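For reference, the structure discussed in these notes is given below.
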Amino acid sequence: MYGRKKEISYLNELYSHNTFEFLIMYGRRRVGKTTLLQEFSKHTNTIFFPAREKNDALNLEDFSKSIQLHFEHSFIASFKSWENAFSYIGNKVQDRTAIVIDEFPYIIAENPSVKSILQHAIDHDFKNKNIFLILCGSSISIMENEIMGRKSPLHDRQTATLEVKPFDYFDSSIFFPNYSNIDKLLAYGILGGIPRYLEAFDPTKSIKENIAYKIIRNGAYLYEEPNNLLKAELRETNIYNSILSAIASGKNRIINISDYIHEDRTKVSKYLTTLQTLRLVEKRVPCGESEKSKKSIYVIKDNFLKFWFRYSFTDNTYYEILGAKEAADEIMEDISNYMGDTFEGICKEYLIRQAKKRNLPFIPYHIGKWWGTNPFIKAQDDVDVLALDKSQTKAIFMECKFTSNPMPLEEYQDLVNATKAFHRVKEKYLYFVSKSGFTKPVVRQAALDHAKLLNIDDLFDGFDPN
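For the sequence shown, the working numbering assigns the number 5 to the initial residue and increments by one for each residue that follows.
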């Protein structure tokens with residue numbers, strides 16, 4: 005299993021305790037939760053039960069089989085109720101035992117009372133036993149509201165929570181050990197950090213070949229994946245598709261999205277909230293400003309959805325006429341433009357990694373993109389990545405370029421000018437990241453300013469595929 009060392013370590017730490025532990029684990033679909041739990045189960049005394057979209061009686065029967073085979077090594081008969089099943093576990097457990105129920109939302113969708121039944125079992129049968137209970141689910145809204153929420157019978161019963169998140173660019177690169185560092189970033193920019201998507205690419209084929217035959221070609225897993233993902237999570241997918249298409253085309257404010265898809269702003273706002281809950285869309289405000297800022301925008305958080313909706317594969321008969329190979333050729337001609345915003349996100353992830361290693365001049369309290377009015381140039385301005393300390397008196401200003409030409413002095417000076425919009429900042433640090441290097445004037449000026457010049461290889465400093 006690639007990555008997830010921290011998550012496995014955390015599960016093993018909870019398992020090592022000799023007291024009752026109850027972990028609620030969740031994360032968006034395809035992020036690798038089941039694989040993580042299966043890996044944990046290999047080396048522990050674990051009952052692993054994957055719930056299915058079945059009726060209550062069949063899920064109970066399957067659960068009965070799992071626990072009876074574990075304790076009795078044979079299946080006798082299904083328990084008459086979930087109360088009986090949980091009571092049986094409480095009576096049988098002696099040595100440390102992990103009880104994993106994967107996709108718990110499928111169970112409570114058919115029988116919501118299981119939440120109350122489990123709460124009673126925890127309070128009366130489990131809490132004094134050597135049990136490590138794990139409830140896992142892909143429906144983030146259900147896990148957060150119906151299981152951990154204040155109105156849930158299970159509220160505050162958990163002893164730990166774990167949201168399994170997508171890999172960053174660094175961990176995603178492990179899937180492509182033979183790619184150049186530039187191609188590793190392209191693969192991440194196209195697929196994001198979802199393990200199932202990363203596994204869909206063939207690491208022995210080029211980026212262009214993978215786009216052609218793993219995404220564009222009708223019948224490929226990734227060809228219909230965004231549609232399948234949205235259908236599994238949502239109703240009225242046509243509206244969600246329209247919103248995502250609008251954002252992918254650059255309409256990132258509610259008013260612009262609303263006008264573009266001809267829907268009421270209040271309705272669009274509600275749908276955007278749902279997409280945020282699913283971790284598919286992210287609301288952004290200029291770095292350092294309040295979440296209530298009127299400058300807020302919406303971006304597609306998932307790289308693959310952003311890529312897919314930018315080129316609208318399944319709706320675009322143009323690509324069907326071109327054919328997969330020529331369509332991939334055309335997309336590769338545009339890939340640097342596509343990678344612009346994505347590369348800024350990669351550079352942000354780089355700064356976060358460096359901060360964790362204590363390799364930055366300070367620990368950032370705010371980090372993200374900034375945009376707004378710059379009184380020095382008397383115009384709108386932006387900073388690709390801005391990192392501020394808690395007092396907002398120290399800042400890292402970062403310019404990120406994924407272009408085919410070395411960064412010219414004009415772009416260097418643009419960032420220097422942008423720093424002048426921040427009067428409160430006393431300590432200013434300049435960082436420049438360029439895929440194609442820097443012109444000689446930039447190198448000379450950076451030496452005078454003590455600015456940091458980084459290339460693509462610097463982003464992978466310390467990378468060990470093993």
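Backbone N, C-alpha and C define an ideal beta-carbon position, used for all residues, glycine too.
This structure is a prediction, so every number in the text was calculated from the model and none was measured.
Selection from the options that minimises the alpha carbon distance to residue i
i    : options                   : result
F310 : P157, K271, D333 and K255 : Looking at the sequence provided, one finds Lys at residue 310 rather than Phe. Selected option, being the one with the closest Cα: K255.
A61  : D129, K133 and A81        : A81
H124 : A102, R161, D462 and S145 : R161
W59  : S91, F75, P109 and E43    : Note on residue identity: the sequence assigns Asn, not Trp, to residue 59. Nearest of S91, F75, P109 and E43 to N59, Cα basis: P109.
A89  : A113, L64 and V104        : L64
Y19  : A399, T50 and F205        : T50
Y275 : K296, G292, L238 and E293 : L238
D268 : V118, I247 and A252       : I247
K133 : E87, F75 and E25          : E25
E337 : H128, W86, Y315 and L158  : Y315
G441 : Y201, N320, N222 and L458 : L458
S142 : G223, E431, D263 and A236 : A236
Identified DSSP bridge partners for residue i
i    : result
S438 : K405
Q384 : T377
V389 : M402
G372 : L390
E431 : K398
Range covered by the beta strand (DSSP E) that runs through residue i
i    : result
M29  : E25 to Y30
K456 : K456 to L458
I304 : I301 to I304
R283 : Unbroken run through R283: none, as it is neither H nor E.
Continuous alpha helix (DSSP H) stretch holding residue i: start and end
i    : result
C351 : A328 to K360
E415 : L413 to T423
L166 : Looking at the DSSP string, L166 is not in any alpha helix (DSSP H); the run it does join, the beta strand (DSSP E), is A164 to E167.
A451 : K444 to D453
I251 : T241 to A252
I219 : Note, I219: premise wrong, no alpha helix (DSSP H); not H, not E.
N363 : Taken as a continuous stretch (DSSP letters only), N363 belongs to no alpha helix (DSSP H), as it is neither H nor E.
Other residues of its chain near residue i: CB distance less than 8 angstroms, five sequence neighbours each side excluded
i    : result
S78  : Q72
S300 : R257, K287, R288 and V289
L452 : none
Chain-order list of residues whose beta-carbon lies under 7 angstroms from that of residue i (same chain, five-residue window excluded)
i    : result
G7   : F171, D175 and I178
G196 : P170, D306, N307 and F308
P469 : Confidence is the limiting factor: at P469 the pLDDT is only 48, short of 50, which leaves the residue's position unreliable and the question unanswerable from this model.
F366 : D393 and K398
Cβ shell of residue i (< 6 angstroms), same chain only, five flanking positions each side left out
i    : result
P230 : L309 and W312
V387 : W374, F401 and A422
K424 : F380
I194 : F311
M376 : The sequence given here places Gly at residue 376; Met does not occur at that position. Result list for G376: P290, in chain order.
E150 : S156
**Prompt:** Curious, which full-length alpha helix (DSSP H) runs of at least 4 residues does the region 36-105 contain?
**Reply:** 37-46, 60-76 and 86-96
**Item:** Every unbroken alpha helix (DSSP H) inside the region 107-147 [4 residues or more]
**Value:** 108-114 and 118-125
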